[in-house]
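Only one structure is covered here, and it is reproduced in the block below.
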Amino acid sequence: MSIIELNNVSFDYQSGEDLSRGVKNINLKIEKGKFIVLLGHNGSGKSTLAKLLNGFLIPDEGDVIVNGIHTKDTKRIYDIRAKVGMVFQNPDNQMVASIIEDDLAFGPENLGVPREEIQKRVDWALEAVNMNEYRYGTPYKLSGGQKQRIAIAAILAMLPEILILDESTAMLDPKGRAEVMETAKRLNRDNNMTVILITHYMDEAIDADEVIVLNDGEIAIQGTPKEVFRETEIIKEAGLELPVSTQVALLLQKAGHPVPLVLHDEELVEAVCRLK
Amino acid sequence: MNRDITFGQYYPADSFVHKMDPRVKLILVVAFIVAVFLVKSLFSYIAITIFVIVGILGSHVPIKSILKSVRGIIFVVLLTAILNVFFYSGGERVLVHWWKITITVESLLFALRMALRLIFLVLGTTLLTLTTTPMNLTDGMESLMAPLKLIRFPIHDVAIIMSIALRFIPILMEEVNKIMLAQKARGADFESGGLMKRARALLPVLIPLFVSAFRRADELALALDARCYNATPHRTKYKVLKLGWRDAAGAFYSALLIFAVVAINASFWGLFGFSLSV
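Protein chains in written order, with this note's numbering: chain A, 66 to 341; chain B, 3 to 280.
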C-alpha cells in the first residue's frame, strides 16, 4: 500500500497574484521508503502540492490520503502532521528555542511524549543529522547548512515516516546544500525514511528513485531520473535546467558521438574517456 | 550602530549559580531588588557589594561580560547622578554655592548612593540572564505563573511568545544591520543631522524590517503547525525544574543578605552610615 495517495486533487490559491500557484488533477502514489524529488520552477505549484500532503491545505477537489487517514479529517490532522514532517526554506524561521536540544524537544513536547522518551528521541535525532556536539549550543553561530540540519532533526524528533523538504536547500550555499542533501539521502538509506524533496535544482534529482516535474500546477512528467532527464523539451518548457554533465552528454549525442545519457559528472568523464 | 547584544544574553558555564532553579533565581532577584531599595547605611552597601561579588564569583561569568551591561546604562547613571547633585535639597555642609545652585556634601553622597543603586540593580538582573537560558527563564516564569491557570490565563502561550521573542532578538538585530548597510550603499545617511533628521533617516530601515518580520512570522506560524503546536492539551515537558540543595543554599544566603541589610539599617550602626563616614 502506498503511504500517500492523491486522487484527482485540485486546489486553487485564492490570492490576487498573477501566478495561480494552484494544482490541477494530480494523481500520485508515493511508496514507503522511496526518495522522491518534486521539481518545478517558481509558481509551478510545487509548494502548494507539498502543503496538501500534510493537511496545511485541504484540496478543493479530490482526496489526499496519508497512511489511510484523510487530510479532510480535521480531528486527526495532528496524526498526519506528526507522520508527515515538513522542513521549510529558511532555517532561522523554524526554530522556537534558543538552545538546540530545547528546540528539538519542542515537537515531542507538543505531542505529549513522556520525558524519558523525548530524551531518547533528541539523542537519536542529533545523531541522525550528525550534530551531536552542538546539543547545548545556540543556533546563532551555526552555518546555514548546520541550521537546516538542526531543523531536520527537530522534525525527526517527532518520528515522522515521511520527511518533506520544502525548498530546504534553496537558501543555502553549495556546501550547505551538499550537507542537507547528504543528510536526506542517508536518512532515506539507513532509516528507510520516505523523503520528498522539493526543489528547482535538477542536479538534486539525479539520485532519486522517482522524479516528478510540475509545470503550471500539473504533472508534466514522472519517472526515474533517466526517463525524465531524457525529455529535454518538457524540461525546457517547465523552466528547468538540466545538470551540466547531462547537457554536455546531450550535445555530444547531437554532434554524433555515441555517448549515453549521463547524470553524474563521473559518468560523463567515463563515457568521454571511452570515446576516442 | 549598537551591535552589542550581550545584555541579557546567556553565558554558558557549569557553575553553582547556573545550576540553580530558575524559579528560585527569579524570586531571589526580586528579593535582591527589594534589598537594594532598602539599603541606607554604608555598612548595608558593603553587605550588598559582598553579596554581588560572591554571586558573580559563584557564576563563573567573566567580570568583563558583566561590566558590559553596566556600560550600557552608564549614561543613565551619570545623568541621574548629576540631576541628583543639583536638585537634592537640604544638607548643611556646603561645598559650592553659585547663583541658585548649591552643592553640598549630602547631595554628593545622595547622588552616589542612587548611582550605586542603579548599578546594583543592573548587576543583579544581568547575573540572572547571564546564568539562565531564555528557555529556562520562561519555564521558570511559566511555573511561577501557574496559579493564573485557575482564571484560564493562557500561560503556556505567553511562555512560548516570550521564548520566541528572545530567540528572534539577535536575528532581527542582524537584519537591521543588513538593511542599514544596504541603504548606506544606496546613499542613505544615518549619522549626520539633528535628532529629527536622523529619526526620519531610519524610516527606510524600519519599513523593510517590519515587512521582513511579518514574513518571518508567517513562516514561523507554519513551522509551529508543522511541529504540532497545540496538538494536545496534555503537553509534556522535556526539562523538569527541580529544587536542589543549591537552591536552598542560595535562598538562605539571600535571606541572610536581606536580614543583614534591614538589621544594619535599623540598628545604631546605621548612625555611622554613609553621611557620617566622610
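Even for Gly, the Cβ is constructed at its ideal location relative to N, Cα and C.
Secondary-structure assignment with DSSP links residue 28 of chain B through no beta bridge to anything. For residue 173 of chain B, the C-beta contacts it makes with chain A under 7 Å involve 157, in order along the chain. Between residue 169 of chain B and residue 163 of chain A a beta carbon distance of about 5 Å is seen, short of the 8 Å cut, so the two are scored as contacting. Proximity of residue 227 of chain B to chain A, defined by a Cβ-Cβ separation below 8 Å, is satisfied. Neighbourhood of residue 172 of chain A in chain B, by CB distance below 8 Å: 229 and 230, in chain order. Rounded to the nearest whole angstrom, the C-alpha separation of residue 114 of chain B and residue 240 of chain B is 46 Å.
For residue 201 of chain A, the nearest CB of chain B lies under 8 Å from its own CB, placing it at the interface with that chain. Residues of chain A whose Cβ lies closer than 8 Å to the Cβ of residue 169 of chain B are, in chain order, 160, 161, 162 and 163. Under the Cβ distance rule, residue 224 of chain B counts among the residues neighbouring chain A, one pair being separated by less than 8 Å.
Taking 8 Å as the cut-off, the beta carbon of residue 68 of chain A is found closer than this to the beta carbon of residue 97 of chain A. Taking C-alpha positions only, residue 138 of chain B is separated from residue 62 of chain B by approximately 18 Å. Contact between the segment 25 to 45 of chain B and the segment 98 to 112 of chain B is absent: fewer than 3 CB-CB pairs across the two stretches fall below 8 Å.
With fewer than 16 other Cβ atoms from the protein chains shown falling within 10 Å of its own Cβ, residue 255 of chain A counts as exposed. Close to residue 76 of chain A, with beta-carbon spacing below 9 Å, lies no residue of chain B; the smallest spacing is near 16 Å.
When the Cα atoms are used, residue 75 of chain B and residue 43 of chain B turn out to be separated by approximately 24 Å. One alpha carbon belongs to residue 95 of chain A, the other to residue 70 of chain A, and they sit about 6 Å apart.
Rounded to whole angstroms, the gap between the alpha carbons of residue 116 of chain A and residue 249 of chain A is 19 Å. By alpha-carbon distance to residue 178 of chain A, the top candidate from B:231, B:69, B:30 and B:142 is B:231. At a beta-carbon threshold of 8 Å, the residues of chain B lying near residue 178 of chain A are 238, ordered along the chain. Look at the beta carbons and you see the segment 318 to 338 of chain A not touching the segment 278 to 288 of chain A: under three pairs across the two are nearer than 8 Å. Taking the Cβ atoms as the reference, residue 232 of chain A lies roughly 7 Å from residue 112 of chain A, within the contact range of under 8 Å. At a cut-off of 8 Å between beta-carbon atoms, residue 132 of chain A makes no contact with chain B.
Residue contact with chain B for residue 183 of chain A: present (Cβ-Cβ distance below 8 Å to some residue of chain B). Beta-carbon to beta-carbon, residue 47 of chain B and residue 118 of chain B are separated by about 6 Å, close enough to satisfy the 8 Å threshold. Take residue 204 of chain A, set aside five residues on each side of it, and the residues of its chain with a beta-carbon closer than 7 Å to its own are 160, 165, 212 and 215, in chain order.
In terms of beta-carbon proximity, residue 25 of chain B stays away from the interface with chain A, with every pair separated by 8 Å or more.
By the Cβ criterion, the segment 148 to 160 of chain A is not in contact with the segment 182 to 200 of chain A, since fewer than three pairs of Cβ atoms, one from each stretch, lie closer than 8 Å.
Here residue 78 of chain B has 120 as same chain residues with Cβ atoms under 8 Å from its own Cβ, once five neighbours each way along the sequence are excluded. The beta carbon of residue 193 of chain A sits closer than 6 Å to the beta carbons of 221 from its chain, once the five residues preceding and following it are set aside; these are given in chain order.
For residue 287 of chain A, the enclosing beta strand (DSSP E) stretches over residues 283 to 288.
Think of a sphere of 7 Å around the beta carbon of residue 166 of chain B: the chain A residues whose beta carbon falls inside it are 161, in chain order. Residue 242 of chain B belongs to the set of residues whose beta carbon lies under 8 Å from a beta carbon in chain A. Between the C-alpha atoms of residue 131 of chain B and residue 24 of chain B there is a straight-line separation of about 10 Å.
At a cut-off of 8 Å between C-beta atoms, residue 107 of chain A does not count as an interface residue with respect to chain B. If you ignore the 5 residues before and after residue 135 of chain B, its C-beta comes within less than 6 Å of the C-beta of 12, all in its own chain and listed in chain order. Residue range 259 to 264 is occupied by the beta strand (DSSP E) that includes residue 259 of chain A, with no alpha helix (DSSP H) assigned at that position.
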